[in-house]
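K.L.:
The following block contains the structure, expressed as C-alpha cells.
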Amino acid sequence: MKKLYFGTNLKMYKNIHQTTSYLKDLISLTKDISQEEIELFVIPSYTSLSSAAGSIDRNYVKLGAQNMCWEEEGQFTGEISPLMLKEMNLDLVMIGHSERRHVFGETDITENKKVKCALEHDFTTLLCIGESLEEKNFDISNEVLRTQLKIGFHNIPTEKISKIWVAYEPVWSIGVNGVPASYQYAEEKHKVIKECLQELFGDAAKAIPVLYGGSVNPQNANDLITQPSIDGLFVGRSAWHADDFNKLIRDAKKAYETA
Ligand code: PGA
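Plus 14 on top of the position in the sequence shown (first one is 1) and you've got the numbering used here.
Spelled out as C-alpha cells, the structure:
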C-alpha cells in the first residue's frame, strides 16, 4: 500500500495562538495513525511558524512555509530567506500556490528560481500547479500543466527527487467560489502530470507524490484518494478545524484501504 499524503495550507488565517492550538489538537487526534501510512503536513503563516515549530512534536507533522525568496539575503524588502526558514528548522516549503501566481503575479520562471533554491537548501519542496478556467475552456490544460512542470523543474538534478512533491490545484476549483474537480477529471490530469514528471526525471519520478487540492471536502475526498494516480489531498477550508481534518483523513484512509 502506498503512503498517503494529507496537508493543509492555512493561508492568511489563524493567529499565533490559534495555529499552535490547532496543531496540538490535530496531533493529539491523529498521532495513533502510523507515520508509515500517512504523511501529515501543515503550512501556517510566517508569523506563527516560530512558536508552532517550538511547541509541537515534529515527529507527527511536517511544518512548512507558504513561500520563500530565491536568494539567501539582499535587498528584497518583505521577502523571507531560506536561511531564515532554516533557523526555524522547517521541513517544507510550498512554491507557486495559485494565489501567489494569480494574486501576486508570480511566473513559472520565478517558481523555478524558488524551487532550485529550496532544493539547494534541502527543503522538501511542494510545487503547486494548475490551469485557470480560461485555459481549461481553451482546452489547453495539459499544455499548461506540462509548461508549469517543465519550467518549474528546469535544471533540477534527479538526485533531488526525494525532496520533490507536487500539488495539482486547478485554479477554478480553489476557495469559496471554487468548483471541485470531479475525481475523473483529477485522475486524468494527475496522469498527465505523472507522465511529464517521468519525461523530466525518468523512472525515479515514480517516487514523487502528486496531491490533489481545490475544494477537497468530506463529500469528495474518498473518491479522490482512491484514484490510482492521486497520492494525497491538499486541503484548505475543510481542514481548518482539527476535528474535521482528522475525520476527513481517517475516512479517506479507510476508503483507500478498502477500495
Ligand atoms: P480550498 O483551498 O480547499 O479551500 O479550496 C485549497 C488550496 O488553496 O490549497
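Note that beta-carbon positions come from the ideal geometry of N, C-alpha and C, so glycine has one too.
The structure displayed is predicted, hence computed values, not measured ones.
Could you give the DSSP three-state label for Leu40: helix, strand or coil?
P.N.:
Helix at Leu40.
K.L.:
For Ser112, I'd like the list of residues in its chain whose CB is within less than 8 angstroms of its CB, leaving aside the five on either flank, ordered along the chain.
P.N.:
Around Ser112: Cys142, Gly144, Glu183, Val185, Ile188.
K.L.:
When you compare each of Pro242, Ala266, Ser65 to Ala253 by their alpha carbons, which one comes out closest?
P.N.:
The option with the nearest alpha carbon to Ala253 is Ala266.
K.L.:
Would you check whether the ligand PGA has a heavy atom nearer than 7 angstroms to the C-beta of Glu149?
P.N.:
No, since every heavy atom of the ligand PGA falls outside the 7 angstroms radius drawn around the Cβ of Glu149.
K.L.:
What first and last residue would you give for the beta strand (DSSP E) that runs through Thr138?
P.N.:
Residues 138 to 143.
K.L.:
My parser needs the alpha helix (DSSP H) runs of 4 or more residues fully inside the segment 94 to 152; what are they?
P.N.:
Qualifying alpha helix (DSSP H) stretches, in chain order: 96 to 101, 112 to 116, 122 to 134, 147 to 151.
K.L.:
Report yes if the C-beta distance between Thr61 and Gly250 is below 8 angstroms; otherwise report no.
P.N.:
No, these two residues do not count as a Cβ contact at 8 angstroms.
K.L.:
Between which two residues does the alpha helix (DSSP H) containing Asn23 stretch?
P.N.:
From DSSP, Asn23 is part of no alpha helix (DSSP H) but of the beta strand (DSSP E) over 18 to 23.
K.L.:
Report yes if the CB atom of Lys16 is closer than 8 angstroms to the CB atom of Glu53, and no otherwise.
P.N.:
Going by C-beta atoms, Lys16 is not nearer than 8 angstroms to Glu53.
K.L.:
What did DSSP end up calling Ile52 once you bin it into helix, strand or coil?
P.N.:
Three-state result, Ile52: strand.
K.L.:
Flag Val180 as yes when its Cβ comes closer than 7 angstroms to any non-hydrogen atom of the ligand PGA, and as no otherwise.
P.N.:
No, Cβ of Val180 sits at least 7 angstroms from all heavy atoms of the ligand PGA.
K.L.:
Would you please state the rounded distance, in angstroms, between the beta carbons of Gln241 and Tyr197? I believe it to be under 8 angstroms.
P.N.:
Confirmed, about 6 angstroms.
K.L.:
At a threshold of 7 angstroms, does Phe248 count as lining the ligand PGA (C-beta to nearest heavy atom)?
P.N.:
Checking the Cβ of Phe248 against the ligand PGA gives yes.
K.L.:
Closer than 7 angstroms: is that where the CB of Gly110 sits relative to any heavy atom of the ligand PGA?
P.N.:
Gly110 Cβ: outside cutoff for every heavy atom of the ligand PGA.
K.L.:
Beta-carbon within less than 6 angstroms of Thr33's beta-carbon, same chain only, minus the 5 sequence neighbours each way: which residues are those?
P.N.:
So the list reads Pro58, Ser62, Ala66, once near-sequence residues are dropped.
K.L.:
Applying the criterion that 16 or more other CB atoms from any shown protein chain within 10 Å of the CB defines a buried residue, is Ile239 buried or exposed?
P.N.:
Its Cβ being crowded by 16 or more others within 10 Å, Ile239 is buried.
K.L.:
Does the beta-carbon of Leu97 have 16 or more other beta-carbons within 10 angstroms, so that it is buried, or is it exposed?
P.N.:
It counts as exposed.
K.L.:
Below 7 angstroms, is the gap between the Cβ of Val230 and the nearest heavy atom of the ligand PGA?
P.N.:
At least one heavy atom of the ligand PGA is nearer than 7 angstroms to the Cβ of Val230, so yes.
K.L.:
Could you check the C-alpha separation between Gly166 and Lys208 for me, to the nearest Å?
P.N.:
The straight-line gap from Cα to Cα measures roughly 14 angstroms.
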